[in-house]
Amino acid sequence: MDAFNDRLSQRAFDTGRPGLEHQCRGRELDERENALADALMTIYATGEHDFSMVARELAEKNVVAPRSGRTDWTEALLAEELQATNRELDAAYEASGYGA
Numbered sequence: 001m002d003a004f005n006d007r008l009s010q011r012a013f014d015t016g017r018p019g020l021e022h023q024c025r026g027r028e029l030d031e032r033e034n035a036l037a038d039a040l041m042t043i044y045a046t047g048e049h050d051f052s053m054v055a056r057e058l059a060e061k062n063v064v065a066p067r068s069g070r071t072d073w074t075e076a077l078l079a080e081e082l083q084a085t086n087r088e089l090d091a092a093y094e095a096s097g098y099g100a
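Under UniProt numbering, the first residue of the sequence shown is numbered 1, with each subsequent residue one higher.
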């Protein structure tokens, strides 16, 4: 469970604007992106924020990288995957606009 997203969702609902829940996305996350996001939230919830340790945890959990399909996570791969996903989401937002 992601308390941050739950709070955003509830706030959007409370204001009568539920479409704002994911206002910064031009598209929904795909299955691999959601799996990575869920794994990251689980890892961050333990208090771990060091990218090298986060990468190690992702490798131990055998999380599939959304862009490359790799499971041999390193700090460099984590940065590359996050940057590539962010670029794709930015492009989708530019093409589809607000709240797609």
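Backbone N, C-alpha and C fix where the C-beta goes; we use that ideal spot for every residue, glycine too.
- As for any alpha helix (DSSP H) of minimum length 4 sitting wholly inside the stretch 46 to 94, the runs are 51 to 60, ordered along the chain.
- The stretch 58 to 70 makes contact with the stretch 31 to 39: 3 or more CB pairs, one atom from each, lie closer than 8 Å.
- By the Cβ test, the stretch 71 to 83 is in contact with the stretch 44 to 53, since at least three Cβ pairs between them sit closer than 8 Å.
- Between the alpha carbons of GLU94 and ILE43 lies a distance of about 31 Å.
- In the assembly as shown, GLU81 is a buried residue. Its beta-carbon has 16 or more other beta-carbons within 10 Å.
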